[in-house]
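Trainee: I'd like to ask some things about the structure below.
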Ligand code: COA
Ligand code: AMP
């Protein structure tokens, strides 16, 4: 007998238009679409062409009209400020409408961009929804990025306005945000007209007259703005993510497809009902935060938890369980790193005994490969299904997952299960031919991608084609390698490019190499991701110095570490580097990063047949010993 999941999956591929049209009936449209899928201009595809709607309307107003006005839309739980507050759908809509009015008064309108650089506070959600309410396009930048990264985004999306706060709070320290924003504006060519600043009580931001405006004052003075009708194909947001170079990719999310796919995912993948409490412990600066802290839970009429804290240290490794118990969380989503951090401090899950998790139904994990130990720890201690699922900033929602709302399939540790309805996933060889079961190759997705996935990169159609579509015509290249087993389960093994995953955060080693190369004493360099017991991977740099460099090696290493922190940000967690005489290369000059990674990870490796000089590998081992690096976790 064909299971329910299999039937739905097959229907989604055989009749995508009927499938997604049915899902789109779950969304409020001001005008229904004329065509579900427009494939007149491949490789560009558009969904729900002719449809008109508004993202903020579907997140807030429609639920108030349906009687959910008094239900909490957000629970703000902030152990770092010792605050817990609940914001109802009506209260959130009213704040969003007023702030939307304030943005409109600043000249922000349909299609204009707004950069949001805020910590995990309710105002981040207000700013995102207010932007969407007036048909503008937001680009949220994660607070752990340095001014230079912010400046790159300012120049790429040319915002009329930047919305920020005086500070963010990391355990044990307050980070003043406004000087970072000021420095970014100083570095960028494009100059925003205004900067709206929320003054938090811990730090007062210095304001530049005329340009900078106080959030509270402009919100109080504004009249509420109504929802602006936009086309389903209009962008809702741009989210920058690491590419293989230092220049980030501006992933565009459209309006209609995003609404339809995210709403569908809540009931079908996460098995969540309207009214349930859903918690994604991530940050609004990442795609997980966009999709599953802000948009999907609100599109679905859920209560979303906005957590300003860490899995450990705020105040202890029981915080996650406290939040689940205190707020009756039904389904939670976090990164395996967070669980590893908890497991390290509380290996036997003793802190769990303090809390009643009776309402808790499922734990979802994503953002990086989920090691079987972490999955098994969750299964053993949480007593609910633990679901590893795989997706990317580009796709906006899960590609491969156990769909708890359809039919729970058996869990295989090490695999995020099977492709979700709508996603035609294949594993191919370098020529693009499908591989047999259990054979490792590039993971690709047949075009067109389903609704909600990226239609293009912001104002860079050619880069979109070059980055994702050119190598395997007719397919989207995910940049991940893996295999599909005989049961149709996908196993994601590694990236095929220079992207590494540090604590669930995606970073470009190419971008770090650009920073190291800018040091005046560095002739050549390579950055690789090495295994780390807590963060999954951490970056490690190798530096070849110019002849005549007169500082000692340790001083140069300290300087490049600081440079990466200053130019990319603390989130890069770049703390390890060593000096070598030369880098191992092939005879044609390609740096053998894979072999260097194996040496650093203490894994067996084969001597590459094309290596220029095998003796260099011994030098790499010695250089690692010199800095006391002896393998994963040291
Ligand atoms: N603003 C400013 N700085 C920030 C920041 C922010 N929003 N977020 C992180 N940073 C800084 C941290 O303070 C740290 O700085 P440091 O080098 O001075 O210590 C650095 O960036 C790295 O941060 P982080 O990755 O959080 O590492 P950590 O060592 O402080 O904490 C964990 C380790 C495991 C607790 C943490 O990585 C974690 O919570 N991981 C889960 C990740 C996650 O949820 N990812 C979401 C993807 S789904
Ligand atoms: P990001 O765009 O930041 O969400 O990062 C996406 C990348 O993270 C993917 O391309 C994978 O390399 C990795 N990733 C995310 N989730 C998983 C997972 N469940 N298993 C393995 N890798 C994952």
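Numbering (my numbering), first residue to last: 1 to 634.
The beta-carbon is built from N, C-alpha and C at its ideal position, and this holds for glycine as well.
1) Residue 7: beta carbon under 7 Å from a heavy atom of the ligand AMP?
2) Three-state secondary structure (DSSP) at residue 288?
3) Looking only at its own chain, which residues have a Cβ that is under 7 Å from the Cβ of residue 32, when we skip the five neighbours before and after it?
4) Cβ of residue 367 versus every heavy atom of the ligand AMP: is any distance shorter than 7 Å?
5) Does the structure place the segment 52 to 61 close enough to the segment 269 to 284 that three or more beta carbon pairs sit under 8 Å?
6) By the DSSP assignment, the beta strand (DSSP E) with residue 563 in it spans what residues?
7) Under 8 Å, with one C-beta from each stretch per pair, do the segment 263 to 283 and the segment 232 to 243 reach the 3-pair mark?
8) For residue 351, collect the residues of the same chain with a Cβ closer than 7 Å to its Cβ; drop the 5 residues on either side in sequence, then sort them by chain order.
9) Give a yes or no on contact between the segment 442 to 454 and the segment 513 to 530, applying the rule of three or more CB pairs nearer than 8 Å.
10) Quick one: any contact between the segment 144 to 154 and the segment 561 to 576, if contact means 3 or more CB pairs under 8 Å?
11) Mind checking whether the beta-carbon of residue 275 lies closer than 7 Å to any heavy atom of the ligand COA?
12) May I ask you to verify whether the segment 149 to 158 touches the segment 177 to 188, counting CB pairs closer than 8 Å and requiring at least 3?
13) Under 8 Å by Cβ, that's how I've got residue 195 and residue 212 pegged, so tell me the actual separation to the nearest angstrom.
14) Using a Cβ-Cβ cutoff of less than 8 Å, which residues in the same chain neighbour residue 94 once the five nearest sequence positions on both sides are dropped?
15) How should residue 30 be labelled, buried or exposed, when 16 other C-beta atoms within 10 angstroms of its C-beta is the threshold for buried?
16) Among residues of its own chain, excluding the 5 on either side of residue 20, which ones have a beta-carbon nearer than 6 Å to its beta-carbon?
17) Based on the DSSP output, what are the partners of residue 484 in its beta bridges?
18) Looking only at DSSP bridge pairs, what is residue 198 linked to?
19) Hey, residue 360 and residue 329 are a contact pair by Cβ (cut 8 Å); roughly how many whole angstroms apart?
20) To which residues of the same chain is residue 246 closer than 6 Å at the C-beta, ignoring the five residues directly before and after it?
21) I think residue 279 touches residue 260, with their Cβ atoms under 8 Å apart; what is that distance to the nearest whole Å?
22) Can you say whether residue 610 is buried or exposed, counting buried as having 16 or more other CB atoms within 10 angstroms of its CB?
23) Hey, out of 64, 516, 384, 392, whose CA is closest to residue 479's CA?
24) Return yes when the C-beta of residue 286 is under 7 Å from any heavy atom of the ligand COA, and no when it is not.
25) Quick one, which of 177, 166, 170, 231 has its alpha-carbon nearest residue 204's?
26) If we call anything under 8 Å between Cβ atoms a contact, is residue 365 one with residue 384?
27) Would residue 535 and residue 481 qualify as a contact pair, given that the criterion is a beta-carbon distance under 8 Å?
Mentor: Straight from the coordinates:
1) no
2) helix
3) 51
4) yes
5) no
6) Per DSSP, residue 563 belongs to no beta strand (DSSP E); it is in the alpha helix (DSSP H), 553 to 567.
7) no
8) 316, 317, 318, 321
9) no
10) yes
11) no
12) yes
13) 5 Å
14) 224
15) exposed
16) 36, 451
17) 490
18) 165
19) 6 Å
20) 511, 514
21) With 8 Å as the limit, residue 279 and residue 260 do not qualify as a contact, their Cβ atoms being about 23 Å apart.
22) exposed
23) 392
24) yes
25) 166
26) no
27) no
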